[in-house]
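These notes are about the structure you will find just below.
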Amino acid sequence: MTSQYRKPLTENIDFYDVRQAVEDVKAGSYDGLPYTSKVLAEQLVRRAEPEKLADYLGQLINREQTLDFPWYPARVVCHDILGQTALVDLAGLRDAIAEQGGDPAKVNPVVPTQLIVDHSLAVEYGGFDPDAFAKNRAVEDRRNDDRFHFIDWTKTAFKNVDVIPAGNGIMHQINLEKMSPVIQNRPDENGRGVAFPDTCVGTDSHTPHTDALGVISVGVGGLEAETVMLGHPSMMRLPDIIGVELVGQRKAGITATDIVLALTEFLRKERVVGAYLEFFGEGADSMSVGDRATISNMTPEYGATAAMFYIDQNTIDYLTLTGREPEQVKLVEQYAKTTGLWASDMVKAEYPRVLRFDLSTVTRNIAGPSNPHARVSTSDLKAKGIAGVVENREDGLMPDGAVIIAAITSCTNTSNPRNTVAAGLLARKANELGLTRKPWVKSSFAPGSKAAALYLEEAGVLGDLEKLGFGIVAYACTTCNGMSGALDPKIQQEIIDRDLYATAVLSGNRNFDGRIHPYAKQAFLASPPLVVAYAIAGTIRFDIENDALGFDKDGKAIYLKDIWPSDEEIDALVQSSVKPEQFKQVYIPMFDLGQAEQAESPLYNWREMSTYIRRPPYWEGALAAPRTLTHMRPLAILPDNITTDHLSPSNAIVRNSAAGEYLEKMGVPEEDFNSYATHRGDHLTAQRATLANPKLFNEMVLNDDGSVRQGSLARVEPDGKVMRMWEAIETYMNRKQPLIIVAGADYGQGSSRDWAAKGVRLAGVEAIVAEGFERIHRTNLIGMGVLPLQFKDGVNRKTLKLDGTETYSVIGNLTPRGDVILVVERANGEMVEVPVTCRLDSDAEVKTYNAGGVLQQFAKEFLANG
Numbered sequence: 001m002t003s004q005y006r007k008p009l010t011e012n013i014d015f016y017d018v019r020q021a022v023e024d025v026k027a028g029s030y031d032g033l034p035y036t037s038k039v040l041a042e043q044l045v046r047r048a049e050p051e052k053l054a055d056y057l058g059q060l061i062n063r064e065q066t067l068d069f070p071w072y073p074a075r076v077v078c079h080d081i082l083g084q085t086a087l088v089d090l091a092g093l094r095d096a097i098a099e100q101g102g103d104p105a106k107v108n109p110v111v112p113t114q115l116i117v118d119h120s121l122a123v124e125y126g127g128f129d130p131d132a133f134a135k136n137r138a139v140e141d142r143r144n145d146d147r148f149h150f151i152d153w154t155k156t157a158f159k160n161v162d163v164i165p166a167g168n169g170i171m172h173q174i175n176l177e178k179m180s181p182v183i184q185n186r187p188d189e190n191g192r193g194v195a196f197p198d199t200c201v202g203t204d205s206h207t208p209h210t211d212a213l214g215v216i217s218v219g220v221g222g223l224e225a226e227t228v229m230l231g232h233p234s235m236m237r238l239p240d241i242i243g244v245e246l247v248g249q250r251k252a253g254i255t256a257t258d259i260v261l262a263l264t265e266f267l268r269k270e271r272v273v274g275a276y277l278e279f280f281g282e283g284a285d286s287m288s289v290g291d292r293a294t295i296s297n298m299t300p301e302y303g304a305t306a307a308m309f310y311i312d313q314n315t316i317d318y319l320t321l322t323g324r325e326p327e328q329v330k331l332v333e334q335y336a337k338t339t340g341l342w343a344s345d346m347v348k349a350e351y352p353r354v355l356r357f358d359l360s361t362v363t364r365n366i367a368g369p370s371n372p373h374a375r376v377s378t379s380d381l382k383a384k385g386i387a388g389v390v391e392n393r394e395d396g397l398m399p400d401g402a403v404i405i406a407a408i409t410s411c412t413n414t415s416n417p418r419n420t421v422a423a424g425l426l427a428r429k430a431n432e433l434g435l436t437r438k439p440w441v442k443s444s445f446a447p448g449s450k451a452a453a454l455y456l457e458e459a460g461v462l463g464d465l466e467k468l469g470f471g472i473v474a475y476a477c478t479t480c481n482g483m484s485g486a487l488d489p490k491i492q493q494e495i496i497d498r499d500l501y502a503t504a505v506l507s508g509n510r511n512f513d514g515r516i517h518p519y520a521k522q523a524f525l526a527s528p529p530l531v532v533a534y535a536i537a538g539t540i541r542f543d544i545e546n547d548a549l550g551f552d553k554d555g556k557a558i559y560l561k562d563i564w565p566s567d568e569e570i571d572a573l574v575q576s577s578v579k580p581e582q583f584k585q586v587y588i589p590m591f592d593l594g595q596a597e598q599a600e601s602p603l604y605n606w607r608e609m610s611t612y613i614r615r616p617p618y619w620e621g622a623l624a625a626p627r628t629l630t631h632m633r634p635l636a637i638l639p640d641n642i643t644t645d646h647l648s649p650s651n652a653i654v655r656n657s658a659a660g661e662y663l664e665k666m667g668v669p670e671e672d673f674n675s676y677a678t679h680r681g682d683h684l685t686a687q688r689a690t691l692a693n694p695k696l697f698n699e700m701v702l703n704d705d706g707s708v709r710q711g712s713l714a715r716v717e718p719d720g721k722v723m724r725m726w727e728a729i730e731t732y733m734n735r736k737q738p739l740i741i742v743a744g745a746d747y748g749q750g751s752s753r754d755w756a757a758k759g760v761r762l763a764g765v766e767a768i769v770a771e772g773f774e775r776i777h778r779t780n781l782i783g784m785g786v787l788p789l790q791f792k793d794g795v796n797r798k799t800l801k802l803d804g805t806e807t808y809s810v811i812g813n814l815t816p817r818g819d820v821i822l823v824v825e826r827a828n829g830e831m832v833e834v835p836v837t838c839r840l841d842s843d844a845e846v847k848t849y850n851a852g853g854v855l856q857q858f859a860k861e862f863l864a865n866g
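The numbers in UniProt numbering rise by one with no breaks, and the one at position 278 of the sequence shown is 278.
What follows is the structure, given as structure tokens:
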């Protein structure tokens with residue numbers, strides 16, 4: 001620790017003078033650094049070994065990317081699915097430590113860890129049921145009794161873990177509105193305060209939500225979060241930092257959702273994968289934190305790691321609005337201005353690459369089908385073939401393209417008062433003109449914070465939303481995460497009988513195939529007011545800008561423009577209705593956690609018949625055996641854009657799936673199968689979700705005409721027999737056959753889902769060779785001891801004419817981004833040597849991989865250190 005740079009900020013609080021440190025090591029100019037580099041430099045000055053500080057700072061100042069340096073996030077934030085899974089892993093680790101003579105009570109998170117139970121609720125009862133919230137919560141508690149029992153135990157068994165129970169909101173919105181102080185103030189060993197920038201990692205890819213506050217918040221997999229929890233730094237190299245200048249002003253009637261969908265399309269095309277983006281310019285300056293948060297939230301959808309905004313007066317106003325204490329708000333402003341993090345100090349920032357985006361070009365948009373970056377202007381719906389003549393319309397029956405789910409959901413939009421107020425005003429105008437939701441539309445409203453309900457009630461529009469069927473069904477992550485709940489059985493049967501093209505429209509951030517609902521063939525992202533409009537229209541085939549939504553009492557046609565609220569109406573209502581007292585009313589009691597009693601034992605008493613919580617197997621059986629990387633058979637050959645939803649779906653478990661059949665054998669009634677996500681604490685259920693997405697295309701499985709057959713299917717070799725994916729995995733497991741997966745570009749995009757790595761590792765997969773990897777999934781693979789390999793440019797599964805009959809071996813030493821040889825032995829005996837890049841990107845990743853994974857590495861080090 002370099003204490004010579006510690007200086008007083010106030011009478012009682014110190015800070016670390018990074019500017020002085022940079023001058024002393026003669027590394028270059030502090031003023032020209034991007035915001036991200038300044039924050040990373042601060043934690044190095046505060047935490048790094050003095051003898052290494054000059055080299056580390058040199059990397060940041062000179063924009064070099066050759067040396068790993070440590071990052072020490074201030075907090076870990078978890079939702080209950082991955083957070084619970086991480087704590088299940090730690091509970092299992094305690095068992096393993098105890099069995100080898102160590103003290104299990106010493107296995108605790110070192111870094112403050114906040115777990116919010118927000119991913120467990122399914123919308124079984126829609127927003128047209130006045131008791132939906134209470135009914136959905138009751139179902140949630142019944143289904144998740146085992147999980148909640150374990151989570152309650154963690155509060156008393158682990159140190160440094162705070163738990164916010166179910167029914168309180170979404171982790172990212174709570175993080176934005178309450179948990180992040182923006183600037184930390186922690187006492188040293190003498191009780192004197194030390195101020196430093198808040199930073200966090202979260203077990204969800206949308207953790208960058210709080211980047212809108214100027215807080216480096218990064219989504220990581222559960223395994224990487226466990227590493228940070230246990231006190232290890234997250235080793236990193238200086239990322240690509242790209243400036244994004246926002247110019248111009250939005251047109252009238254354009255929401256932050258429209259902007260972020262346009263930005264997502266733009267940034268995907270600009271290939272910002274893995275980069276830290278910093279937004280600046282007149283357009284950024286004029287945005288509220290609510291609008292900024294909508295943009296930061298969708299960071300993973302455009303492929304970046306972070307999406308930062310500078311600290312400015314808008315930040316200060318937002319902290320005041322959301323009820324932060326005046327002393328804390330003052331500290332944020334004083335620290336930012338003292339250390340050069342204030343927006344006016346950032347005008348000298350230099351970026352190797354700057355992108356320019358004109359807000360005035362943004363139109364009203366939706367995104368879909370199937371991808372968040374597939375933006376379509378609502379004025380182009382007919383030209384793009386989405387809207388058109390509504391076919392199969394018969395009296396009393398659903399039309400083609402029927403919207404079976406319309407959900408105002410996800411922190412992406414419900415953390416932005418402007419978006420939710422706009423939906424309420426549109427609902428008010430629709431009600432006044434006599435418009436109604438179509439009867440086949442399952443509508444819902446699930447805000448990420450109870451504060452949203454208070455200000456919408458204050459605004460007088462909550463009742464208007466309820467009248468149209470958008471009553472509050474939960475304060476949780478619901479439809480966006482595939483927790484849409486069951487359809488009306490009659491509607492579901494009609495979809496089946498008529499083979500209808502049914503769709504969902506939601507104000508979330510994800511619309512991948514098979515994610516939202518098993519019977520919604522495709523899904524579209526839209527702003528909250530557009531979601532309400534589509535519930536009225538009832539079909540995606542409707543031209544939302546030009547077709548009549550209905551007729552008033554005089555027979556006059558009503559169009560979207562007739563019910564769309566003006567910007568002045570929205571802004572006036574937000575200004576008069578959103579108040580600090582509402583946030584204090586919600587968050588003061590929520591975070592009055594008190595002192596929990598210590599658990600009787602540091603070891604968890606595993607429930608033998610649970611299908612939710614089971615002692616993890618990562619220290620025994622096949623996973624304890626060495627990986628040979630020889631004569632591997634391909635489990636699957638996959639195309640581009642494979643998501644973690646393909647690798648480990650999160651949505652509802654259906655009866656005829658491998659997981660459904662297993663749950664049935666375990667005596668679980670079908671109505672309580674719940675989602676794949678909620679069962680990830682039980683590896684026997686969760687591993688049956690591996691590659692279980694019905695929309696999967698495994699190129700080893702072909703139709704008679706040579707096209708790829710869709711489904712969760714595999715071809716077992718050398719038999720050549722096609723079977724369900726789980727049956728193929730069982731076959732290979734019984735044979736102790738090592739496996740490999742071959743894939744195209746952008747492998748593993750989507751949610752930071754550790755089971756997308758755990759599932760394939762438990763199946764016996766030792767390596768993945770692909771044209772490219774999404775960052776979080778690559779680190780998760782390494783955390784499970786799976787080797788990521790990348791084809792060289794111009795080489796892929798197609799150029800090599802791979803068909804799945806081959807075996808694969810890896811030859812060479814594993815070094816950071818070094819070359820190894822992938823030996824492909826074809827069925828006819830021909831041998832092909834393919835140079836590939838080892839995607840262990842740092843010495844720390846090589847060490848983790850060689851240990852067999854994160855948990856194995858920690859156990860060895862823990863026992864070695866006594």
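For each residue, glycine too, the CB sits at the ideal point set by N, CA and C.
Quick caveat: nothing in here was measured; it's all calculated off a predicted structure.
query: Length of the line joining the Cα atoms of Trp619 and Phe128; result: 49 Å
query: Sheet register partners of Pro835 (DSSP bridge); result: Ile821
query: Within 8 Å, strictly: CB atoms of Tyr343 and Ile311; result: A small correction: the amino acid at residue 343 is Ala; Tyr does not occupy that position in the sequence shown. In contact: Ala343 and Ile311 (Cβ atoms closer than 8 Å).
query: Residues bridged to Ile857 [DSSP beta-bridge criterion]; result: Before going further, note that residue 857 is Gln rather than Ile in the sequence given. According to DSSP, which records beta bridges pairwise, Gln857 is partnered with nothing at all.
query: Backbone secondary structure at Phe583 - three-state DSSP; result: helix
query: Stretch pair the region 163-177 + the region 410-427: three plus CB contacts closer than 8 Å; result: yes
query: When Ser205, Arg356, Thr339 and Phe266 are compared against Glu245, the one with the closest alpha-carbon; result: Arg356
query: Contact the region 784-802 vs the region 767-774: 3+ CB pairs below 8 Å; result: yes
query: Assigned secondary structure, Trp342 (DSSP; H/G/I helix, E/B strand, else coil); result: strand
query: Nearest residue (CA-CA) to Ile61, options Arg75, Gly681 and Ser29; result: Ser29
query: Alpha-carbon to alpha-carbon, Pro718 and Asp146; result: 41 Å
query: Nearest candidate by alpha-carbon position, reference Ala304, set Leu331, Thr264 and Asp317; result: Thr264
query: Straight-line gap, Asp300 to Pro50 (C-alpha atoms, nearest Å); result: Looking at the sequence provided, one finds Pro at residue 300 rather than Asp. Whole-angstrom Cα-Cα distance: 35 Å.
query: Alpha-carbon to alpha-carbon, Leu223 and Glu845; result: 12 Å
query: Inter-stretch contact at 8 Å, needing at least 3 Cβ pairs: the region 431-450 / the region 463-473; result: yes
query: Rounded straight-line distance, which links the Cα of Thr848 to that of Gly220; result: First, the amino acid is wrong: residue 220 is Val here, not Gly. The alpha-carbon atoms of Val220 and Thr848 are separated by roughly 16 Å.
query: Nearest residue (CA-CA) to Gly253, options Tyr302, Trp755, Glu124 and Asp571; result: Asp571
query: Rounded Cβ spacing between Gly340 and Arg19 (contact assumed at less than 8 Å); result: 7 Å
query: Touch test, the region 750-760 against the region 817-832, Cβ-Cβ under 8 Å, three pairs minimum; result: no
query: Same chain only: Cβ atoms within 8 Å of Pro816, ignoring 5 sequence neighbours per side; result: Cys838, Leu840, Asp841, Ser842, Asp843, Glu845 and Val846
query: Range covered by the alpha helix (DSSP H) that runs through Lys429; result: Pro417 to Glu432
query: Endpoints, the beta strand (DSSP E) within which Trp71 is located; result: Phe69 to Trp71
query: Between the CA atoms of Val824 and Val834 - distance to the nearest angstrom; result: 7 Å
query: Where Phe309 falls: helix, strand or coil (DSSP); result: strand
query: Alpha helix (DSSP H) segments (min. 4 residues) lying fully within the region 246-286; result: 256-269 and 282-285
query: For Arg627, three-class secondary structure by DSSP; result: coil
query: Cβ pair Ile404, Leu506 closer than 8 Å; result: no
query: Nonlocal neighbours in the same chain, by C-beta distance under 6 Å from Ser296, ignoring five residues either side; result: Pro208, His209, Asp211, Ala212 and Ala307
query: DSSP beta-bridge partners of Val708; result: Leu702
query: Buried/exposed call for Met483, threshold 16 Cβ in 10 Å; result: buried
query: Buried versus exposed call for Met609 [16 or more other C-beta atoms within 10 Å across all chains shown]; result: exposed
query: Arg192 versus Ile13: straight-line alpha-carbon distance, rounded; result: 6 Å
query: Own chain, CB closer than 8 Å to Arg237, minus 5 neighbours either side, in chain order; result: Gln59, Gln65, Thr66, Leu67, Asp68, Phe69, Asp841 and Ser842
query: Residue of Phe524, Leu702 and Phe15 minimising C-alpha distance to Gln4; result: Phe15
query: Residue burial classification, Ser601 (beta-carbon count within 10 angstroms, cutoff 16); result: exposed
query: Beta-bridge pairing of Leu739 - partner residues as DSSP gives them; result: Arg633 and Val765
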